[in-house]
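Protein chains in written order, with the working numbering: chain A, 20 to 226; chain B, 20 to 226. Remarks on the structure that follows.
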DNA sequence: GTCTATACACCGATAGAC
DNA sequence: GTCTATCGGTGTATAGAC
């Protein structure tokens with residue numbers, strides 16, 4: 020493993036835990052087994068390092084989605100179910116991802132570097148694909164006539180937020196967020212909400 | 020308005036935007052019209068200031084929930100619908116709240132001050148009340164047999180995450196998150212998801 | 001490619017005058 | 001209750017030896 024990859028791994032874990040402003044390059048250097056100055060041989064600046072971390076993560080997500088959709092040609096509903104299933108797998112397999120992803124969504128982006136543009140573009144691509152998938156589902160009548168944008172927001176909340184919720188989320192669950200049991204349960208709960216809603220009614224009789 | 024309240028207002032807005040580590044006391048002082056040193060006359064430390072901001076926000080939320088539940092005695096389902104309605108109103112009326120709330124959920128808490136304990140306790144109270152409400156709904160058969168914990172996580176995602184999602188969320192929506200139209204739409208979309216789910220099926224015929 | 005040494009700005013916090 | 005001045009520490013980033 021190259022020094023560069025080691026730095027990226029360490030930085031990913033630290034940025035996920037405490038955010039961009041919460042991490043100093045001294046911590047990154049110590050955990051990488053390098054000196055602070057050596058970091059600047061591999062990355063121009065702290066900001067570039069951060070966005071390289073984000074870029075690597077987004078590329079990984081895109082690859083996973085691309086591979087999971089290999090058996091495409093299915094109906095939008097089946098594709099959406101596989102999208103959710105795959106997303107939860109990605110988030111659960113790499114616990115740094117949900118927190119990094121959530122931070123990148125709502126942390127302020129003031130700087131303008133080429134890397135920042137690239138991350139923004141990739142993020143927009145991923146989100147745009149998902150939104151179009153929902154829209155196709157509505158158009159072909161498999162999904163109720165929902166707002167694709169609001170539905171996407173809800174799905175992000177139900178997946179990314181859930182696995183990023185850390186101590187508070189574990190306090191609510193009473194169990195480790197990332198245990199195999201709870202991950203499987205999360206899938207079931209989200210899918211059954213999409214299938215049946217929450218309320219029991221004439222349409223959804225109690226079991 | 021006292022200096023103390025002015026500082027709290029300014030700090031709330033800044034912490035919401037860039038987080039605890041992302042804000043220096045110099046910015047807080049400048050925006051308050053005071054010198055840095057004067058902040059220490061009103062607050063022992065940066066950490067105490069931060070937790071006073073969180074405490075004030077959580078007290079506000081508890082008051083709103085208490086007032087909204089005045090006509091209680093209703094069924095759990097009606098109470099839950101009012102809870103969601105009121106939560107979205109709170110989040111939409113004070114745009115700093117969703118971001119502050121989301122940060123307080125997934126930002127690491129290493130320090131141990133009396134104020135930090137108080138915020139944790141109040142947060143647990145609010146979440147516990149909501150979870151018990153969901154559980155009652157399941158027990159009396161108004162809600163499907165869901166996991167109360169997972170459902171609460173989903174509801175937080177659908178509300179707090181949504182209004183905290185900033186530029187990315189506005190990019191998805193294509194509109195200001197906090198406009199009256201989009202807030203009303205958010206309520207409708209969340210409620211109808213809970214009522215009907217997402218998928219059209221035998222149980223949920225297309226309209 | 002990695003290091004030590006260093007530059008310079010800002011950090012949170014304190015002292016003490018007014 | 002607010003200020004100026006200052007403390008020691010840390011922040012990102014650079015220079016230059018090896």
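Ideal placement from N, C-alpha and C gives every residue a C-beta, glycine not left out. What you are looking at is a predicted structure, and each value in this text was computed from that prediction instead of being measured.
Cβ pair residue i, residue j closer than 8 Å
i                     : j                     : result
residue 183 (chain A) : residue 141 (chain A) : no
residue 169 (chain A) : residue 31 (chain B)  : no
residue 217 (chain A) : residue 165 (chain B) : yes
residue 71 (chain B)  : residue 27 (chain B)  : yes
residue 60 (chain A)  : residue 176 (chain B) : no
residue 115 (chain A) : residue 212 (chain B) : no
residue 171 (chain B) : residue 191 (chain A) : yes
residue 40 (chain B)  : residue 147 (chain A) : no
Outcome for residue i when other beta-carbon atoms lying within 10 angstroms are tallied against a minimum of 16
i                     : result
residue 95 (chain B)  : buried
residue 178 (chain A) : buried
residue 131 (chain B) : exposed
residue 76 (chain A)  : buried
residue 134 (chain B) : buried
residue 123 (chain B) : buried
residue 160 (chain A) : exposed
residue 126 (chain A) : buried
residue 188 (chain A) : buried
residue 163 (chain A) : buried
Cβ neighbours of residue i in the same chain (closer than 8 Å, five flanking residues each side left out)
i                     : result
residue 54 (chain A)  : 48
residue 101 (chain A) : 87, 88 and 93
residue 29 (chain B)  : 47, 50 and 51
residue 58 (chain A)  : 26, 44, 47, 48, 51 and 68
residue 138 (chain A) : 70, 73, 74, 77 and 123
residue 185 (chain A) : 118 and 196
residue 144 (chain B) : 81
residue 128 (chain B) : 135 and 139
Chain A contact for residue i (CB, 8 Å cutoff)
i                     : result
residue 101 (chain B) : no
residue 48 (chain B)  : no
residue 214 (chain B) : yes
residue 158 (chain B) : no
residue 146 (chain B) : yes
residue 192 (chain B) : yes
residue 131 (chain B) : no
residue 40 (chain B)  : yes
residue 36 (chain B)  : yes
Test: residue i CB closer than 8 Å to a CB of chain B
i                     : result
residue 184 (chain A) : yes
residue 165 (chain A) : yes
residue 170 (chain A) : yes
residue 187 (chain A) : yes
residue 73 (chain A)  : no
residue 176 (chain A) : yes
residue 173 (chain A) : yes
residue 44 (chain A)  : no
residue 69 (chain A)  : no
residue 124 (chain A) : yes
residue 97 (chain A)  : no
Close-in-space but distant-in-sequence residues of the same chain around residue i (CB under 6 Å, 5 per side omitted)
i                     : result
residue 206 (chain A) : 107
residue 194 (chain A) : 201
residue 167 (chain B) : 150, 153 and 154
residue 121 (chain B) : 179 and 183
residue 97 (chain A)  : none
residue 62 (chain A)  : 68
residue 23 (chain B)  : 61
Residue i: CB within 7 Å of a non-hydrogen atom of the ligand ADP
i                    : result
residue 36 (chain B) : With respect to the ligand ADP, the structure offers nothing, as it holds no ligand at all.
Same chain, Cβ closer than 7 Å to residue i, five either side skipped, listed in chain order
i                    : result
residue 99 (chain A) : 152, 153 and 156
residue 83 (chain A) : 105 and 109
Inter-stretch contact at 8 Å, needing at least 3 Cβ pairs: the region 143-161 of chain B / the region 101-115 of chain A | no
Pair every Cβ in the region 193-212 of chain B with every Cβ in the region 33-45 of chain B, then say whether three or more of these pairs are closer than 8 Å.
-> no
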